[in-house]
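Asker: Let me give you the structure first, and then I'll get to my questions.
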Amino acid sequence: MNTFEARIEIIGVNPYVLLPEEVLRSIFDQAEKSSDPLPVKGNINGQPFIQTLVKYSGLWRLYLNTPMRKSTDTQVGDVVKIELWYDAAERTEAMHPKLEIALKNDAVARQKFDSLSASLQKELLRYINRLKSAESIDRNIIKTVQFLHGKQRHIGRAQP
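Numbering (our numbering), first residue to last: -3 to 156.
Following this line, the structure appears as structure tokens:
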């Protein structure tokens, strides 16, 4: 485990912290690679999180999403204590059963889904899996199928 303190900064609308060089080297050694994405987990001010390190504009960043900041009551400009280590656990996102049925019944949408990048597939699956109400799930599965047919935007993206 690596422990360090860092000030929360922001680029665009994305809060992040920069990692000390020795922490990066340790994560690279644990991961046995130095290319992104690098799955990590740890604690911010004692609160656990799971995240991915990414390199942007030449710098490795740990982005702090809203749930991470809310759980620690922190904001841009605050200094936080971070414990961080490489997360070797498999990160897969299951397909929602209702989406599975919709794609099984629509060969064109299924073929398009299968041709998407793994990261976009995961983004779609994660989005649907995080919805709470049955109505919202049903509505967004329809949107997803329409998106796969190239008929509308979905999750902030233009048609594939």
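Idealized CB from N, CA, C, for every residue including glycine.
Could you tell me whether the Cβ atoms of Ile137 and Leu95 are closer together than 8 Å?
Answerer: Result yes, Cβ atoms of Ile137 and Leu95 sit closer than 8 Å.
Asker: Assign Gln47 to buried or exposed, taking buried as 16 or more other Cβ atoms, counted over all protein chains shown, within 10 Å of its Cβ.
Answerer: The residue in question, Gln47, is buried, as its Cβ has 16 or more Cβ neighbours within 10 Å.
Asker: Among all the DSSP beta bridges, which residues are the ones paired with Glu79?
Answerer: Note: Glu79 sits in a beta bridge opposite Thr(-1) and Asn39.
Asker: Just curious, the alpha helix (DSSP H) that Glu5 is in, first and last residue?
Answerer: Looking at the DSSP string, Glu5 is not in any alpha helix (DSSP H); the run it does join, the beta strand (DSSP E), is Glu5 to Ile7.
Asker: What does DSSP give as the partner residues of Lys51 in its beta bridges?
Answerer: DSSP lists Trp56 as partners of Lys51.
Asker: Chain B beta carbons: is any one of them nearer than 8 Å to that of Val19?
Answerer: Among the protein chains of the structure shown there is no chain B, as only one such chain exists.
Asker: The beta strand (DSSP E) spanning Pro16 covers which residue range?
Answerer: First-last for Pro16: undefined, no H or E at that position.
Asker: Three or more C-beta pairs under 8 Å: does that hold for the region 57 to 77 against the region 104 to 112?
Answerer: With a cut-off of 8 Å, the region 104 to 112 and the region 57 to 77 do not count as touching, because too few Cβ pairs lie within range.
Asker: At what residues does the alpha helix (DSSP H) containing Gln71 begin and finish?
Answerer: Segment: none, Gln71 is in no alpha helix (DSSP H) and carries neither H nor E.
Asker: Consult DSSP for Pro44 and reduce its assignment to one of helix, strand or coil.
Answerer: The answer is strand: DSSP assigns Pro44 an E or B state.
Asker: Let me know if Met64 comes out buried or exposed under the rule of 16 or more other beta-carbons within 10 Å of its beta-carbon.
Answerer: Burial call: buried.
Asker: Which first and last residues belong to the alpha helix (DSSP H) in which Lys94 is found?
Answerer: Its alpha helix (DSSP H) spans residues Pro93 to Lys100.
Asker: Measuring only the C-alpha atoms, how far is Lys118 from Glu89?
Answerer: Their Cα atoms are separated by approximately 6 Å.
Asker: Is Trp81 closer than 8 Å to Val36 when the C-beta atoms are compared?
Answerer: In this structure, Trp81 lies closer than 8 Å to Val36 by Cβ.
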